[in-house]
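The sequence shown begins at 127 in my numbering and counts up one residue at a time. Notes to accompany the following structure.
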Amino acid sequence: MSVARRHLGFLLLAEAMLCAAATRFQDVLSQGSTSPVTSYRKLQGWSSDQNKWNEKLYPFWKEGDPRWKDCWKGGRVTVKLDTDSPALVGSNVTFVVTLQFPKCQKEDNDGNIVYERNCTQDFPVSQDQQVYVYNWTEWIDNCGWENCTSNHSHNVFPDGRPFPHYPGWRRRNFVYVFHTFGQYYERTGRSSAMFSVNTANITLGKHVMAVSIYRRGHSSYVPIARASAIYVVTDKIPLSVSMFQKHDRNISDSIFIKDSPITFDVKIHDPSYYLNNSAISYKWNFGDGSGLFVASSPVVSHTYTLQGNFTPNLTVQAIIPVPCKPVTPTAPLPTSAVIAGAASNADYSTTIESMEDNPDEGCHIYRNGYYRSGISVVEGILEVNIIQMMSIQMTETQAENSLVDFVVTCQGSLPTDVCTVVSDPTCQVSKSVVCNPVTITDECLLTIRRTFEEPGTYCINITLGDDTSQALTSALISVNGGSSSGKTEGVFIFLGVLAVLATIGAFVLYKRYKQYKPIERSTGQADNHEGLTAYFSNFKAIFFPSSTEKNPLLKSKPGIV
């Protein structure tokens with residue numbers, strides 16, 4: 127009897143030693159971290175990393191193992207693991223794995239790895255024959271890979287579960303094993319894979335997602351790459367705010383212009399659309415004493431009327447509908463009757479299951495997000511206007527070009543530079559850009575002279591700017607050529623001479639008529655005479671005005687730029 131007990135003890139000890147020596151998922155996927163997660167909440171579709179790992183079918187190599195050098199033909203495969211973290215707790219966080227093959231290698235439509243055509247290689251590649259790095263299709267179709275039609279022992283994951291047999295599953299030649307939060311997830315795929323995990327059961331904070339990738343081999347799967355990425359789970363709504371102002375010269379310096387509206391655009395980071403059915407409100411305090419502003423739109427505008435430093439504050443609140451859960455109300459204090467009943471019935475229980483009472487027949491959870499930033503508000507250029515455009519008369523040597531003066535005014539601060547962009551009539555194709563510094567000490571009034579080499583219609587954009595702001599105005603202008611301007615001037619001179627001659631002739635006729643007018647006239651004659659006199663008086667008033675005001679609007683001409 128004692129001998130039997132001794133043998134049984136040895137068997138139990140041997141089994142314990144074998145279990146202790148067995149490779150677990152944690153040993154393979156922890157990537158050097160040996161501290162196990164002793165307490166965690168179960169992730170849907172994931173398994174504990176304390177399960178056994180089939181090291182015979184999926185060998186495990188540590189970093190520095192020389193076998194890594196020969197795990198892939200033509201070089202090493204690198205892997206990129208991306209995530210859309212941070213994720214609001216309860217939403218999904220998504221991971222994307224992308225394999226990057228050695229130079230001139232790619233995956234074809236059948237999942238095989240081939241050499242790219244017309245790519246530099248150490249050996250010539252035939253243009254009419256594809257050269258394979260790994261022709262897994264031939265392995266499977268010809269059963270050259272461990273008798274694939276009769277032996278299915280290789281179509282399993284490291285924990286022994288069989289591959290899912292969805293359409294095209296045999297063309298997925300890579301096995302991805304993900305590990306986080308003390309659990310693992312397995313799937314097959316091609317040169318890239320994407321998956322999402324719900325964060326409802328993941329604790330808040332930073333976590334590491336690790337992935338190990340294996341490829342098909344002749345007798346087993348071969349490890350080719352590993353990667354890891356940090357992701358964040360938070361109970362604060364992830365958000366960002368972009369600020370825009372029409373006349374702001376540099377949108378990244380947090381300096382804005384007084385008396386010009388600033389647009390605040392809130393972007394909530396919710397790639398899994400977890401908040402799609404939520405009621406979201408935006409509560410603003412712009413920090414200038416204007417009070418609290420509550421909006422239902424993520425885009426708002428605010429105008430600062432004073433200069434200085436301000437701190438806008440934003441609180442975003444989301445009311446998220448969720449299924450109501452049963453609650454266990456607190457049992458009332460037992461009365462004497464209950465105590466008496468309990469003495470005779472030891473199985474008495476006062477626990478009652480009920481649903482949460484909610485007036486709108488639903489349950490909600492509240493999540494908030496916060497934003498705070500400092501900005502400076504300064505004086506700036508608010509508006510630019512072209513008040514006059516004048517064509518400048520040129521000499522014969524300048525007749526090939528046309529000169530135009532633009533008289534420009536602005537509101538706000540005084541500019542320090544001016545730029546003129548001459549474009550086609552659609553204002554889309556730029557023809558020339560000219561910028562000049564300007565010095566204005568009193569009033570924002572300046573004349574900008576520009577040269578046009580060819581006649582035609584142009585779009586003119588004039589921009590006035592200072593260190594923090596800039597304002598733009600545009601106009602369409604039709605410019606005539608230099609030769610046509612000369613012809614026009616000759617026509618005007620000829621018309622002017624004719625007008626002078628006509629005036630002299632009219633004056634002589636008037637004098638002659640006045641000298642030989644009759645002393646006596648009848649009533650009809652008097653009427654005719656008065657009409658003729660009025661006619662010549664009007665004619666004289668046109669050509670010989672009697673006004674003595676020579677400069678009714680005398681102005682000082684601004685400087686020319």
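Here a beta-carbon is modelled for each residue, glycine too, at the ideal position from N, C-alpha and C.
Fill in: DSSP state of leucine 225 mapped onto helix, strand, coil
Note: leucine 225 maps to strand in three-state DSSP.
Item to complete: Using DSSP bridges, identify the partner residues of valine 212.
Response: With the sequence shown as reference, residue 212 is identified as proline, and valine is not the correct amino acid for it. Proline 212 pairs with nothing; no bridge assigned.
Worksheet entry | CA-to-CA distance, cysteine 197 to aspartate 191, given in whole angstroms | Their Cα atoms are separated by approximately 11 Å.
Worksheet entry | Coarse secondary structure for valine 154, derived from DSSP in three states | Looking at valine 154 - three-state DSSP - the assignment turns out to be helix.
Worksheet item: Near valine 425, which residues of its chain fall below 8 Å by C-beta distance, leaving aside the five closest residues on each side in sequence?
Response: Setting aside the 5 residues that flank it on each side, valine 425 is surrounded in the same chain by Thr389, Phe390, Asp391, Val392, each with a C-beta closer than 8 Å to its C-beta; the list follows chain order.
Worksheet entry | Alpha-carbon spacing of valine 564 relative to aspartate 543, whole angstroms | Taking the straight line joining both Cα atoms gives about 5 Å.
Item to complete: From the DSSP output, read off the bridge partner residues of leucine 602.
Response: Leucine 602 is bridged to Cys585.
Item to complete: Could you pull out every residue in the same chain whose Cβ sits closer than 6 Å to the Cβ of serine 110, ignoring the five residues on either side in sequence?
Response: Summary: the structure shown does not reach residue 110, with the chain confined to residues 127 through 687, and so no result is reported for it.
Worksheet item: So, are the CB atoms of alanine 597 and histidine 333 less than 8 Å apart?
Response: Annotated as distal: alanine 597 and histidine 333, with beta-carbon spacing of 8 Å or more.
Worksheet item: Is it true that the segment 404 to 418 meets the segment 321 to 329, where meeting means three or more beta-carbon pairs spaced less than 8 Å apart?
Response: Flag = no, the segment 404 to 418 and the segment 321 to 329 do not touch.
Worksheet entry | Member of Val203, Thr220, Phe532 whose CA lies at the smallest distance from the CA of valine 259 | For valine 259, the nearest C-alpha among the options comes from Val203.
Item to complete: Please say whether asparagine 235 and threonine 263 have beta carbons closer to each other than 8 Å?
Response: No. Outside cutoff.
Discussion item. For glutamine 443, which residues in the same chain have their Cβ closer than 6 Å to its Cβ, ignoring the five residues on either side in sequence?
Written reply: Once the five neighbours on either side are set aside, the close Cβ partners of glutamine 443 are Ser407, Asn494.
Item to complete: Taking all protein chains shown into account, decide if isoleucine 513 is buried (16 or more other Cβ within 10 angstroms of its Cβ) or exposed.
Response: The residue is exposed, with fewer than 16 neighbouring Cβ atoms inside 10 Å.
Discussion item. Tell me which residues share the same chain as serine 354 and place their Cβ nearer than 8 Å to its Cβ, disregarding the 5 neighbours each side in the sequence.
Written reply: Gln157, Leu207, Val334, Met335, Ala336, Val337.
Worksheet item: Should valine 626 be labelled buried (16 or more other beta-carbon atoms within 10 Å of its own) or exposed?
Response: With a pLDDT of 45 at valine 626, under the threshold of 50, the modelled position of this residue cannot be trusted, and the question is left open.
Item to complete: Identify every residue that forms a DSSP beta bridge with histidine 305.
Response: According to DSSP, histidine 305 bridges with Tyr310, Ala336.
Worksheet item: Which residues in the same chain as asparagine 435 place their Cβ atom closer than 7 Å to its Cβ, once the five residues preceding and following it in sequence are excluded?
Response: The answer, listed in chain order, is Gly500, Ser502.
Discussion item. Let me confirm a value: arginine 193 is counted as buried when at least 16 other C-beta atoms fall within 10 Å, else exposed. Which label applies?
Written reply: It counts as exposed.
Worksheet item: For aspartate 531, which three-state DSSP category applies?
Response: In the structure shown, aspartate 531 sits in a strand (DSSP, three-state: E or B).
Discussion item. Using C-beta distances below 8 Å, list every residue in its chain close to cysteine 536, excluding the 5 sequence neighbours before and after it, in chain order.
Written reply: Once the five neighbours on either side are set aside, the close Cβ partners of cysteine 536 are Ile507, Leu508, Glu509, Val510, Asn511, Cys570, Leu590, Ala597.
Worksheet item: Do the CB positions of asparagine 299 and arginine 341 come within less than 8 Å of each other?
Response: Closer than 8 Å, so yes.
Item to complete: Using the DSSP secondary-structure output, state which residues sit across from aspartate 234 in a beta bridge.
Response: Note: aspartate 234 sits in no beta bridge, so no partner.
Worksheet item: Out of Gly308, Asn177, Arg313, Asn244, which has the shortest C-alpha to C-alpha gap to valine 223?
Response: Closest option to valine 223, Cα to Cα, is Arg313.
Worksheet item: Is tryptophan 262 helix, strand or coil by DSSP?
Response: Here tryptophan 262 sits in helix by DSSP.
Practice prompt. Report back the beta-carbon spacing between arginine 150 and tryptophan 187 to the nearest angstrom; my notes put them in contact at under 8 Å.
Written response: Arginine 150 to tryptophan 187, Cβ: 16 Å. No contact.
Worksheet item: Taking the C-alpha atoms as reference points, what is the distance between valine 687 and threonine 552?
Response: Approximately 26 Å, taken between the alpha carbons.
Practice prompt. If I'm right that serine 322 touches leucine 225 with Cβ under 8 Å, what's the distance once you round it to whole angstroms?
Written response: By a beta-carbon distance limit of 8 Å, serine 322 does not contact leucine 225. Their separation comes to about 19 Å.
Worksheet item: What is the DSSP secondary structure of aspartate 391, reduced to helix, strand or coil?
Response: Here aspartate 391 carries a strand assignment [DSSP, helix/strand/coil].
Practice prompt. Compare the Cα-Cα distances from leucine 169 to each of Gly216, Ile377, Ser378 and report the closest residue.
Written response: It is Gly216.
Worksheet item: My guess is that tyrosine 184 and tyrosine 347 are in contact by the Cβ rule of under 8 Å, so how many angstroms apart are they, rounded?
Response: Indeed they touch by this definition, with Cβ atoms about 5 Å apart.
Discussion item. Measuring only the C-alpha atoms, how far is serine 173 from phenylalanine 307?
Written reply: The C-alpha of serine 173 lies about 10 Å from the C-alpha of phenylalanine 307.
Worksheet item: How would you call threonine 594, buried or exposed, if buried means at least 16 neighbouring beta carbons within 10 angstroms?
Response: Buried, since its Cβ has 16 or more Cβ neighbours within 10 Å.
Worksheet item: By the 10 Å Cβ neighbour count, where 16 or more other Cβ atoms means buried, how is tyrosine 400 classified, buried or exposed?
Response: Classification of tyrosine 400: buried, given that the 10 Å Cβ count is 16 or more.
Worksheet entry | Outcome for leucine 679 when other beta-carbon atoms lying within 10 angstroms are tallied against a minimum of 16 | Its pLDDT being 32, under 50, leucine 679 is placed unreliably by the model, and the measurement read from it follows with that caveat. Exposed, because fewer than 16 other Cβ atoms sit within 10 Å of the Cβ of leucine 679.
Practice prompt. Could you have a look at aspartate 592 and say whether DSSP puts it in helix, strand or coil?
Written response: The answer is coil: DSSP assigns aspartate 592 none of H, G, I, E or B.
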